[in-house]
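**Q** Heads up: the protein sequence lines correspond to chains A and B, in order.
Oh and the first sequence: position 191 is 206 in this note's numbering, straight run, nothing missing.
Oh and the second sequence: position 219 is 234 in this note's numbering, straight run, nothing missing.
Even glycine gets a Cβ: it sits at the ideal position worked out from N, Cα and C.
Can you keep this structure in mind? I'll have questions shortly.
There are 2 protein chains.
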Amino acid sequence: MPHDSKKTPASPDNPEHALSNEQVDAQMKLIKRGIAELINEEDLRAKIARGKPLRVKVGFDPTAPDLHLGHSVILHKMRQLQQLGHQIVFLIGDFTGLIGDPSGRSETRPALTEEQVLANAETYKKQVFKILDAEKTRVLFNSSWHGRMNFAEVIRLASRYTVARILERDDFAKRFRNNLPIAVHELLYPLAQGYDSVTLKTDIELGGTDQTFNLLVGRHLQAQYGLEAQCVITLPLLEGLDGVKKMSKSLGNYIGIDEPAAQIFGKVMSVSDELMWRYFELLSTKSMEEINLLRAEVEAGRAHPKTVKESLAFELAARYHDETRAAEARRDFNAVFTDGGVPEDAPVYACAEGAASAPLAFLSATGLAASRGEARRLIAQKALSVNGKLCEDALRPLLKGDYVIKLGKIRFLKLTVQAPQSIA
Amino acid sequence: MPHDSKKTPASPDNPEHALSNEQVDAQMKLIKRGIAELINEEDLRAKIARGKPLRVKVGFDPTAPDLHLGHSVILHKMRQLQQLGHQIVFLIGDFTGLIGDPSGRSETRPALTEEQVLANAETYKKQVFKILDAEKTRVLFNSSWHGRMNFAEVIRLASRYTVARILERDDFAKRFRNNLPIAVHELLYPLAQGYDSVTLKTDIELGGTDQTFNLLVGRHLQAQYGLEAQCVITLPLLEGLDGVKKMSKSLGNYIGIDEPAAQIFGKVMSVSDELMWRYFELLSTKSMEEINLLRAEVEAGRAHPKTVKESLAFELAARYHDETRAAEARRDFNAVFTDGGVPEDAPVYACAEGAASAPLAFLSATGLAASRGEARRLIAQKALSVNGKLCEDALRPLLKGDYVIKLGKIRFLKLTVQAPQSIA
Chain A
16 MPHDSKKTPA
26 SPDNPEHALS
36 NEQVDAQMKL
46 IKRGIAELIN
56 EEDLRAKIAR
66 GKPLRVKVGF
76 DPTAPDLHLG
86 HSVILHKMRQ
96 LQQLGHQIVF
106 LIGDFTGLIG
116 DPSGRSETRP
126 ALTEEQVLAN
136 AETYKKQVFK
146 ILDAEKTRVL
156 FNSSWHGRMN
166 FAEVIRLASR
176 YTVARILERD
186 DFAKRFRNNL
196 PIAVHELLYP
206 LAQGYDSVTL
216 KTDIELGGTD
226 QTFNLLVGRH
236 LQAQYGLEAQ
246 CVITLPLLEG
256 LDGVKKMSKS
266 LGNYIGIDEP
276 AAQIFGKVMS
286 VSDELMWRYF
296 ELLSTKSMEE
306 INLLRAEVEA
316 GRAHPKTVKE
326 SLAFELAARY
336 HDETRAAEAR
346 RDFNAVFTDG
356 GVPEDAPVYA
366 CAEGAASAPL
376 AFLSATGLAA
386 SRGEARRLIA
396 QKALSVNGKL
406 CEDALRPLLK
416 GDYVIKLGKI
426 RFLKLTVQAP
436 QSIA
Chain B
16 MPHDSKKTPA
26 SPDNPEHALS
36 NEQVDAQMKL
46 IKRGIAELIN
56 EEDLRAKIAR
66 GKPLRVKVGF
76 DPTAPDLHLG
86 HSVILHKMRQ
96 LQQLGHQIVF
106 LIGDFTGLIG
116 DPSGRSETRP
126 ALTEEQVLAN
136 AETYKKQVFK
146 ILDAEKTRVL
156 FNSSWHGRMN
166 FAEVIRLASR
176 YTVARILERD
186 DFAKRFRNNL
196 PIAVHELLYP
206 LAQGYDSVTL
216 KTDIELGGTD
226 QTFNLLVGRH
236 LQAQYGLEAQ
246 CVITLPLLEG
256 LDGVKKMSKS
266 LGNYIGIDEP
276 AAQIFGKVMS
286 VSDELMWRYF
296 ELLSTKSMEE
306 INLLRAEVEA
316 GRAHPKTVKE
326 SLAFELAARY
336 HDETRAAEAR
346 RDFNAVFTDG
356 GVPEDAPVYA
366 CAEGAASAPL
376 AFLSATGLAA
386 SRGEARRLIA
396 QKALSVNGKL
406 CEDALRPLLK
416 GDYVIKLGKI
426 RFLKLTVQAP
436 QSIA
């Protein structure tokens, strides 16, 4: 009996699992929230439509992690994908870390031992499982396959990509143009990273916008190895507390995932009313509908921005601790800043302990004094008080803690001095 | 008792072996004979002066070898170094051959099997040990160390060289400038080749002038790995029978090491009187003093160039066969070309069987006819005879063999048609 292909159309993708267009739309909407770029939409829709869990890979650096909310943007996207039923691979790129800087030029990049890598992985887990579901996350190490590759396999891998194409990467292009040396092994790193996607048969890879090139190498190599190409999703870099530069430990404008609830709460309260909406979009689990509603309320004058900001500060403090601690943080924050008759709408500012926490520095940086000259003059006139006490030293930094700053009769500032920054 | 360093000067190089300046001069003179370049003289003198055997590496392609006198130039230089007491490593670069063309672009470069590599090595030995002393030659395969290298070691190797420097290599520079693709693995090949010198701790590497870049990579890498850098000696490419293009199988202008004595003899006799001196310098074991003396005799009219050329043809035929066969070849050659009253000084010409051995082709190529038009006209006038017989077909190629060509009454040519060329 001849096979009648019209009656039973062949489908490699088990059509009984296939999702409806509406179901795909719903996933796409959540996935696209707050991302920088998706390459590309059509491929991702096709993958999702099959109705099977997709494999999502995210690579992390193997050096000692100390995550802040900037890193959490990607973790939230991973969490969302996890909630949509997809498989998350938290990939620790330890292979290169185990090598260190083979050129010996960088003393700050010594090779890690296997023990250090494992210890760092534990530190990662302790932090990221505040966001990700540990049960549904596979933590892998890429040394487990790269460590087994031999020279012949490296050559086969390297044959899949051209020199010119790698030199198109922004940083390489700049160095090549300026005759700054690029060692040959540096070309191998993006290939090794891309090969991770080949090994794992990844469907989606996430990364920062600065990783776009490397993520696309994975997409290209999969096709070269005869696999379905992964989709690439990049996440924006989160602005730090200053609202200008990207959040980074070395700039001291960060909120660490491991910080006490009071610090997290206070630092969130210090961001500008505008930046608050960005944090909502990228960090809150509230839906965009809820967030847009809140924003409309504030803009219409029916809600006070400070109240809305408190709800965000509470949410984030609770996420990395719990609701009890978050409530304590809110109570303490308001207690400090309502002592001394400080006005509700006094500006809030956070800075790192050190040069930035000296009166002369933060008075001029916040604009509380019109200039360093005015700040110096007012301090000399005994017009500065810190937590109600006269302060006459313009240059001595305030130590870590929360302060009410009063300059003259009517100028107030709620100041949070955070732990000294460690410049990486 | 304090050690008195003045009485026993420390020397890492066992001064009791050290050679005198005159001894070094003598070695240098022999080594520099007929070479294209030495990098550099000072280093080589220092190495030689220690009086210990130096390790000399020469890399050979692992594909099926069919050596001709062009290849023998380097074998002669190896032989000279062997006679000076140095150690020769005949290195078969089989590692890349075992991989083939990993990009899959070249169908003519399939991967070799281990059996093929070993079989090719035997074919090499059969040919090269006509020149080299088998007892004093180590035949090695670079797969024995490259096959064991892992990805981490490849990265360490690749970190020792910059992309820009590799892209300076002539062929890469040209392709890069013209936007022709260079795959990343192609950059790894010169590094792998250079790493051979690191593994072997080579003192001298020999190669053709087209290999200069690769040989210098080895010199650079040794220094990077904390070893004494090798000296690099390049040998010129031998001109083929035509005296213009380099000797090559595909151009059909070669003398094969495995050819019968009569072929070798006849082909040497076909080179021009000028090219003969080049062959003497690069191929003969006669000293330069003897050669210069011969040349002076010829130039003074005291010796006939044909006689001198016969001594070279005899030497080469005897090297690849024996003196009896060489003597037979000489006798037969003269028997053919003295039949039919051919003048002693008739031009001698060799070409490959095929298009080049058709009368129209060789008559115009040798200038025996002033032009193809004149050749055609004379043949139509029944003015051409081959070995005494009328030849009326301008286009039918003569088959392999020796011929006396007569055009008109007084134009003669001694023609050797060799086996059909196989274009590689």
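Please compile the residues from chain B whose C-beta is within a distance smaller than 9 Å of the C-beta of N194 of chain A.
**A** Stepping through the first sequence from its first residue, residue 194 of chain A is reached at position 179. Chain B residues near N194 of chain A: A179.
**Q** From what residue to what residue does the beta strand (DSSP E) around I248 of chain B run?
**A** Sequence index remark: in the second sequence, residue 248 of chain B carries index 233 (1-based). It spans 246-250 - the beta strand (DSSP E) in which I248 of chain B sits, taken as one unbroken run.
**Q** According to DSSP, is E338 of chain B part of a helix, a strand, or is it coil?
**A** Along the second sequence, one-based indexing puts residue 338 of chain B at 323. Residue state, collapsed to three classes: helix.
**Q** Report the residue ranges of all beta strand (DSSP E) runs contained in full by the stretch 175-238 of chain B; include only those spanning at least 3 residues, in chain order.
**A** Listed in chain order, the complete beta strand (DSSP E) runs (minimum 3 residues) inside the stretch 175-238 of chain B are 219-223.
**Q** Hey, is H32 of chain A's beta-carbon within less than 8 Å of any beta-carbon in chain B?
**A** Here the question's residue 32 of chain A lines up with position 17 in the first sequence. So, not an interface residue.
**Q** In terms of residue numbering, what span does the beta strand (DSSP E) encompassing E57 of chain A cover?
**A** Here residue 57 of chain A refers to the residue found at position 42 when the first sequence is read from its first residue. Looking at the DSSP string, E57 of chain A is not in any beta strand (DSSP E); the run it does join, the alpha helix (DSSP H), is 56-64.
**Q** Buried or exposed for A371 of chain A, going by 16 or more other Cβ atoms inside 10 Å?
**A** Here residue 371 of chain A refers to the residue found at position 356 of the first sequence. It is buried - the Cβ of A371 of chain A has at least 16 other Cβ atoms within 10 Å.
**Q** Measure from the alpha carbon of N229 of chain B to the alpha carbon of each residue in B:L308, B:I248, B:G388, then state which is nearest.
**A** The residue given as residue 229 of chain B occupies position 214 in the second sequence. Checking every option, the nearest Cα to that of N229 of chain B belongs to B:I248.
**Q** In whole angstroms, what is the alpha-carbon distance linking K264 of chain B and E254 of chain B?
**A** For this step, residue 264 of chain B is matched to residue 249 along the second sequence. For this step, residue 254 of chain B is matched to residue 239 along the second sequence. Each residue's alpha carbon lies about 12 Å from the other.
**Q** Return the CA-CA distance between A64 of chain B and T224 of chain B, expressed in angstroms with no decimal places.
**A** Locating residue 64 of chain B in the second sequence gives position 49, counting from the first residue. Locating residue 224 of chain B in the second sequence gives position 209, counting from the first residue. Distance between the alpha carbons of A64 of chain B and T224 of chain B is about 26 Å.
**Q** How far does the alpha helix (DSSP H) with V313 of chain A in it reach, from first residue to last?
**A** Translated into positions along the first sequence, residue 313 of chain A becomes position 298. Counting along the chain, the alpha helix (DSSP H) containing V313 of chain A begins and ends at 303-314.
**Q** Could you have a look at I420 of chain A and say whether DSSP puts it in helix, strand or coil?
**A** Against the first sequence, residue 420 of chain A aligns to sequence position 405. If DSSP states are grouped into helix, strand and coil, I420 of chain A belongs with the strands.
**Q** Distance cutoff 8 Å, beta carbons only. Does Y240 of chain B sit that close to anything in chain A?
**A** For this step, residue 240 of chain B is matched to residue 225 along the second sequence. No - not a single Cβ of chain A is within 8 Å of the one on Y240 of chain B.
**Q** Three or more C-beta pairs under 8 Å: does that hold for the stretch 150-169 of chain A against the stretch 166-175 of chain B?
**A** At 8 Å Cβ cutoff, the stretches touch.
**Q** Just how far apart, CA to CA, sit L250 of chain B and L96 of chain B?
**A** The sequence position of residue 250 of chain B within the second sequence is 235, counting from 1. The sequence position of residue 96 of chain B within the second sequence is 81, counting from 1. Spanning the two alpha carbons is a distance of roughly 14 Å.
**Q** Excluding the five sequence neighbours on either side, which residues of its own chain have a C-beta within less than 6 Å of the C-beta of S326 of chain A, listed in chain order?
**A** To locate residue 326 of chain A, count along the first sequence from 1; it is residue 311. For S326 of chain A, where only same-chain residues beyond five positions count, there are no Cβ hits under 6 Å.
**Q** Which chain A residues sit within Cβ distance under 7 Å of H161 of chain B?
**A** The residue given as residue 161 of chain B occupies position 146 in the second sequence. Simply F166.
**Q** Near Q142 of chain B, which residues of its chain fall below 6 Å by C-beta distance, leaving aside the five closest residues on each side in sequence?
**A** Within the second sequence, numbered from 1, the residue matching residue 142 of chain B stands at position 127. Same-chain partners within the cutoff: L82, I272.
**Q** Can you confirm whether H200 of chain A, when its beta carbon is compared against all beta carbons of chain B, has any partner nearer than 8 Å?
**A** Taking the first residue of the first sequence as 1, we reach residue 200 of chain A at position 185. Yes, H200 of chain A lies at the interface with chain B (some Cβ there is under 8 Å from its Cβ).
**Q** Which stretch, first to last residue, makes up the beta strand (DSSP E) that contains G74 of chain B?
**A** Start at 1 with the first residue of the second sequence, and residue 74 of chain B comes out as number 59. Its beta strand (DSSP E) spans residues 70-75.
**Q** So what's E52 of chain A in DSSP terms, helix, strand or just coil?
**A** Here residue 52 of chain A refers to the residue found at position 37 of the first sequence. DSSP places E52 of chain A in strand when its eight states are reduced to three.
**Q** With 8 Å set as the bound, which would you pick, yes or no: does the beta-carbon of P117 of chain A sit closer than that to a beta-carbon of chain E?
**A** This model lacks chain E altogether; the protein chains it does include are A and B.
**Q** List, in order along the chain, the chain A residues whose C-beta lies closer than 7 Å to that of V169 of chain B?
**A** Residue mapping note: residue 169 of chain B aligns to position 154 of the second sequence, counting from 1. The contacting residues are F166, V169.
**Q** L206 of chain B touches chain A at which residues, Cβ-Cβ below 9 Å?
**A** Start at 1 with the first residue of the second sequence, and residue 206 of chain B comes out as number 191. Ordered by position in chain A, the residues that pass the 9 Å Cβ test against L206 of chain B are V199.
**Q** Chain B beta carbons: is any one of them nearer than 8 Å to that of I438 of chain A?
**A** Locating residue 438 of chain A in the first sequence gives position 423, where the first residue counts as 1. At I438 of chain A the pLDDT is 44, less than 50, meaning the model places this residue with poor confidence; the figure from the coordinates comes in the next sentence. For I438 of chain A, the answer is no, since every Cβ of chain B falls outside 8 Å of its Cβ.
**Q** Find the residues of chain A that neighbour I272 of chain B, judging by a C-beta separation of less than 9 Å, and give them in chain order.
**A** What you label residue 272 of chain B is simply residue 257 of the second sequence in a count that begins at 1. Correct list: empty, because the minimum Cβ distance to chain A is about 32 Å.
**Q** Is there a Cβ from chain A that is less than 8 Å from the Cβ of Y176 of chain B?
**A** The residue you call residue 176 of chain B lines up with position 161 of the second sequence. Yes, Y176 of chain B counts as interfacial toward chain A.
**Q** In three-state terms, what does DSSP make of N157 of chain B?
**A** Counted from its first residue, the second sequence places residue 157 of chain B at position 142. N157 of chain B falls in the coil class under three-state DSSP.
**Q** Out of A:G115, A:R171, A:P125, A:V71, which one is the CA nearest neighbour of V154 of chain A?
**A** Counted from its first residue, the first sequence places residue 154 of chain A at position 139. Answer by Cα proximity: A:V71.
**Q** Once DSSP output is grouped into helix, strand and coil, what is the label at I425 of chain B?
**A** To locate residue 425 of chain B, count along the second sequence from 1; it is residue 410. Residue state, collapsed to three classes: coil.
**Q** Whole angstroms are fine: how far does the CA of E57 of chain B sit from the CA of Q38 of chain B?
**A** Along the second sequence, read from residue 1 onward, the residue named residue 38 of chain B stands at position 23. Along the second sequence, read from residue 1 onward, the residue named residue 57 of chain B stands at position 42. Distance between the alpha carbons of Q38 of chain B and E57 of chain B: 15 Å.
**Q** Let's test the definition: count the other Cβ atoms within 10 Å of the Cβ of R334 of chain A and tell me whether it reaches 16, buried, or not, exposed.
**A** For the purposes of this step, residue 334 of chain A is taken as residue 319 along the first sequence, with counting starting at 1. It is buried - the Cβ of R334 of chain A has at least 16 other Cβ atoms within 10 Å.
**Q** Among the candidates A:M93, A:N36, A:H101, whose CA atom is the shortest distance from the CA of K145 of chain A?
**A** If you number the first sequence from 1, residue 145 of chain A lands on position 130. Ranking A:M93, A:N36, A:H101 by Cα distance to K145 of chain A puts A:M93 first.
**Q** Leaving out five residues on either side along the sequence, give the residues of the same chain with a beta carbon under 6 Å from the beta carbon of A276 of chain B.
**A** Residue mapping note: residue 276 of chain B aligns to position 261 of the second sequence, counting from 1. Closer than 6 Å at Cβ, skipping near neighbours: A332, H336, R340, A341, A344.
**Q** With burial defined as no fewer than 16 other Cβ atoms inside 10 Å of the residue's Cβ, what is the status of L127 of chain B: buried or exposed?
**A** Counting from one through the second sequence, the residue named residue 127 of chain B turns up at place 112. L127 of chain B comes out buried.
**Q** Spell out the partners DSSP gives Y364 of chain A in its beta bridges.
**A** As a position in the first sequence, residue 364 of chain A is number 349, starting the count at 1. A:L430.
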